[in-house]
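A.B. asks: One structure is given below, represented as structure tokens, and several questions about it will come after.
Number of protein chains: 2
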Amino acid sequence: MLNFEFKNPTKILFGKGQIENLGKEIPKDAKVLVLYGGGSIKQNGIYDQVMKALNGFEVLEFGGIPANPEYAILMDALKVIKEEKITYMLAVGGGSVIDGVKFLSAAALYEGDSPWDILTKNIRTEVGLPFGTVLTLPATGSEMNSGSVITRKETQEKLAMGGPGLFPVFSILDPQVVQSIPERQLANGITDAFTHVLEQYMTYPVQALLQDRFAESIMQTLVEVAPRIMKNPADYEAAANFMWSCTMALNGLIQKGVPQDWAVHAMGHELTAMFGIDHARTLAVILPSHYEYNFAAKSEKLAQYGQRVWGITEGTTTGIAKEAIAKTVAFFHSLGIDTKLSDYTNAYEGTAQKIKTRFTERGWLGLGEHKTLSPADVEKIVEMSY
Amino acid sequence: MLNFEFKNPTKILFGKGQIENLGKEIPKDAKVLVLYGGGSIKQNGIYDQVMKALNGFEVLEFGGIPANPEYAILMDALKVIKEEKITYMLAVGGGSVIDGVKFLSAAALYEGDSPWDILTKNIRTEVGLPFGTVLTLPATGSEMNSGSVITRKETQEKLAMGGPGLFPVFSILDPQVVQSIPERQLANGITDAFTHVLEQYMTYPVQALLQDRFAESIMQTLVEVAPRIMKNPADYEAAANFMWSCTMALNGLIQKGVPQDWAVHAMGHELTAMFGIDHARTLAVILPSHYEYNFAAKSEKLAQYGQRVWGITEGTTTGIAKEAIAKTVAFFHSLGIDTKLSDYTNAYEGTAQKIKTRFTERGWLGLGEHKTLSPADVEKIVEMSY
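Sequences listed follow chains A and B, in order. Heads up, the first sequence stops at 385 in numbering that gives the first Met the number 0, and the numbers go up one at a time, no gaps. Heads up, the second sequence stops at 385 in numbering that gives the first Met the number 0, and the numbers go up one at a time, no gaps.
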């Protein structure tokens, strides 16, 4: 097991009806900015529940934060925060809205020239403007971690940021919100969370026995509830397990003491930036090729995953490992998620070369758990994903 | 899944050599009281490591906190804290020292007449005197939770307290400390942590699929590493998994969203108070009888446990459930832990009756996940444990 530090101060309020407890978590004298996305919360009743719970607070709102939260739009929100002297933010949405609010949390107190530097200069935020979240879409785990990914259309970039000051003060997880999520986004959420676990697990064994089992527990639970969720998102018990699994998949716990990969995300982000493909679907495109390309390095862990998550009992290590990849692809397909780039765009030729160039230009650190994947490796992996 | 709230702000520094990072976690101007137990830390080098890491701080020390932290001794420490205007405490020890420091954290800022009221009047501590811990004995999980159990010899009582103000600010978990722990305490630690998990798991299913799997993960890991630890406590990888499993067994995570039992602890505490039997061993005495007595209510979960933790694949639900209890007893025996009260004392006659009376006098709330166990039930369970 590797040495690690772990601290996660976010307070979770989980379950039916928890939105009404919102007001107790925010300082009475706060001036609150409620931020949300495309407005679906106004159709499904969540907006009304939130506003009712904020009765008595001074509240402003900012809607229209898009999927893959866009820098230019967030800069408009930042203006409101500064002009109105907002003291507390409430993100009502999925990972995009929460990630956007994390950027704002950092940017509101940032003293440098341009908030864009936070992303390009890897500036860690030690203290941010406080915020809570009401999660409307289980997927990214952003509701209980301190990371964020921001997109800038202008430069076709998607960059990460974070820091201990960016944990939500609290997050409200009411599984009843799952019933109004469209099928496409449910499939994305399951795929995203499942891939998060794999990025922190599918490396090589370091005798982190408990972390491995926790990771496998999350994947087993997602595999178990996925068909129930896809069939009937109003199945509360399935929704509750789906929601808590997504949070636990990326709240820091399972990554402590183990090597991590994250190459799938690095490559996937480029596909979203270039083609606008849903984040989760880009992961499903890259992941199988990545595991096949790095098969030798990952085969021991792939076999453990095959045995414990997919119940494969027969075969050699290599055989079980290969079957485990096939089972993963079949799982994505069972959710209606395509796993080849050509399923999403006809203009895929040259993509691998382009990503290779972008990575090289941005300063290359090496990808994967050993930081050894070169731009040439990335090119081959992306090509295998066509 | 039941509704829940979860927040755990303790920072964990885990791994080889983490003690030297102690000083970074404590405010520079703090006046620190270092508290410890019987002095074994002076033999095994931990005391020296801690004092070296505290170089530059104003440091006082208070040793001699006994197993089952005694109220009278803690009151002496409280005097030191008040007279010396201590601003920060550092607990160096196992659960007893840490629990004692939690009591002091609460008592130092308590404004009522007598700190004993904190225990007898169930006063929750919202803000305590800040403290960190250096864990020297994995077992109780106290290093990452806000609960404490205090003993008062005068009245032969063992009472619990807690509150959100009693989380350690930080805890240092260096698995290298395990190598100097005596065999008896290693066995106790494994038994204690294993039973903690069972108290939060062995109730009835509520479709908390992920929590169940996390609980099973901890138990599987303890079962896997126990023989390695008992054979060679200097096996770092085994020690690391043992240590992290003990912490995760009682840091709040696996108990969220599920019913909890804790009747084994309630009865076990009385055996420690009456006979001075090691805490963990009292759990091993009570647990099998408790599960047999409440077999019908727990059989579904016992069978799940038998299948997933002990790998029992054949038999009816009842058969697997019964075998699961037998496997648990055999596991305790494999650690050298006796599971009958008569193994520990010849004066066991009348114990059940006496515990029944004590519980009745203290005001009866009902024990177990349904709060339905009466004093008469307790009497029968304790009798079955003779």
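Glycine is no exception: its CB is placed at the ideal position from the N, C-alpha and C atoms. All values derive from a computational prediction rather than experimental measurement.
1) Under a three-way DSSP split, which group does A:Lys394 fall into?
2) Exposed or buried, which one is A:Tyr347 when buried takes at least 16 other CB atoms within 10 Å?
3) Going by beta carbon distance, what residues of the same chain come within less than 6 angstroms of B:Thr220, once the five residues before and after it are set aside?
4) Closest by CA to B:Val133, which one among B:Ala52, B:Asn67, B:Ile80, B:His268?
5) In chain order, what are the residue ranges of uninterrupted beta strand (DSSP E) at least 3 long that sit wholly in the segment 158-220 of chain A?
6) At 7 angstroms on the CB atoms, spell out the chain B contacts of A:Pro26, in chain order.
7) Hey, is the segment 23-30 of chain B in contact with the segment 62-79 of chain B, meaning 3+ C-beta pairs nearer than 8 angstroms?
8) Quick check on A:Tyr343: does DSSP put it in helix, strand or coil?
9) Just to confirm, is the Cβ distance from B:Gly44 to B:Pro68 under 8 angstroms?
10) Ignore the nearest five residues each way along the sequence and tell me which others in A:Ala279's own chain have a CB closer than 6 angstroms to its CB.
11) Mind checking A:Leu12: buried by the 16 CB within 10 Å criterion, or exposed?
12) Listed from N- to C-terminal order along the chain, which residues in the segment 7-21 of chain B have their beta-carbon within a distance smaller than 8 angstroms of any beta-carbon of chain A?
13) Please compile the residues from chain B whose C-beta is within a distance smaller than 9 angstroms of the C-beta of A:Lys0.
14) Please name the residue, chosen from B:Asp376, B:His369, B:Asp342, that lies closest to B:Phe358 on a Cα-to-Cα basis.
15) Kindly list the residues whose CB is nearer than 8 angstroms to the CB of B:Asn7, restricted to its own chain and excluding five residues on each side of it in sequence; keep chain order.
16) Could you spell out where the beta strand (DSSP E) holding A:Lys6 opens and where it closes?
17) Contact criterion: CB-CB distance below 8 angstroms. Does B:Met50 meet it with respect to chain A?
18) Flag this pair as yes or no: are the beta carbons of A:Met74 and A:Ala207 separated by less than 8 angstroms?
19) Using the Cα positions of A:Tyr385 and A:Asp342, report the straight-line distance between them to the nearest angstrom.
20) Quick check on A:Ala138: does DSSP put it in helix, strand or coil?
21) A:Ser216 touches chain B at which residues, Cβ-Cβ below 8 angstroms?
22) Select from A:His195, A:Leu301, A:Met242 the residue whose C-alpha is nearest the C-alpha of A:Leu136.
23) Touching or not, the segment 143-162 of chain B and the segment 110-128 of chain B, by the rule of three or more beta carbon pairs under 8 angstroms?
24) Three-state secondary structure (DSSP) at B:Ser244?
25) Between the Cα of A:Phe3 and those of A:Gln48, A:Gln155, A:Pro258, spot the shortest distance and give me the residue it belongs to.
26) B:Glu378: buried (16+ other C-beta within 10 angstroms of its C-beta) or exposed?
27) Can a CB atom of chain B be found closer than 8 angstroms to the CB of A:Val224?
28) Within 10 angstroms of its Cβ, does A:Tyr389 collect 16 or more other Cβ (buried), or is it exposed?
29) So A:Lys297 packs on A:Pro204, CB below 8 angstroms; how close in whole Å?
30) Tell me the rounded alpha-carbon separation between B:Thr124 and A:Leu59.
31) With the cut-off set at 8 angstroms, would you say B:Ser407 and A:Leu209 are in Cβ contact?
32) Give the range of the alpha helix (DSSP H) segment to which A:Val79 is assigned.
33) Identify whether B:Val126 lies in helix, strand or coil by the three-state DSSP scheme.
34) To the nearest angstrom, how far is it from the Cα of A:Phe399 to the Cα of B:Arg212?
35) Return the bridge partner residues of B:Ser147 from the DSSP annotation.
C.D. replies: Looking at the atomic coordinates:
1) In this structure chain A extends from 0 to 385, so residue 394 of chain A is not present and cannot be described.
2) buried
3) Asn240, Ser244
4) B:Ala52
5) 169-172
6) Simply none; closest approach about 16 angstroms.
7) no
8) coil
9) no
10) Asn187, Thr190, Asp191
11) buried
12) Asn7, Pro8, Thr9, Lys10, Ile11, Leu12, Phe13, Gly14, Lys15, Gly16, Gln17
13) Note that residue 0 of chain A is Met in the sequence shown here, rather than Lys. Here the neighbours are Phe13, Gly14, Pro174, Tyr235, Glu236, Ala239, Asn240, Trp243.
14) B:Asp376
15) Met143, Asn144, Phe166, Asn250, Gly251, Leu252
16) 3-13
17) no
18) no
19) 8 angstroms
20) coil
21) Leu209, Arg212, Phe213, Glu215, Ser216
22) A:Met242
23) yes
24) helix
25) A:Pro258
26) buried
27) yes
28) Only positions 0 to 385 of chain A appear in the structure, and residue 389 of chain A is not among them; the question remains open.
29) That pair is no contact at about 11 angstroms.
30) 35 angstroms
31) Here chain B comprises residues numbered 0 to 385, so residue 407 of chain B is not present and cannot be evaluated.
32) 70-82
33) coil
34) This structure gives no information on residue 399 of chain A, because the portion of chain A shown stretches from 0 to 385.
35) B:Met160
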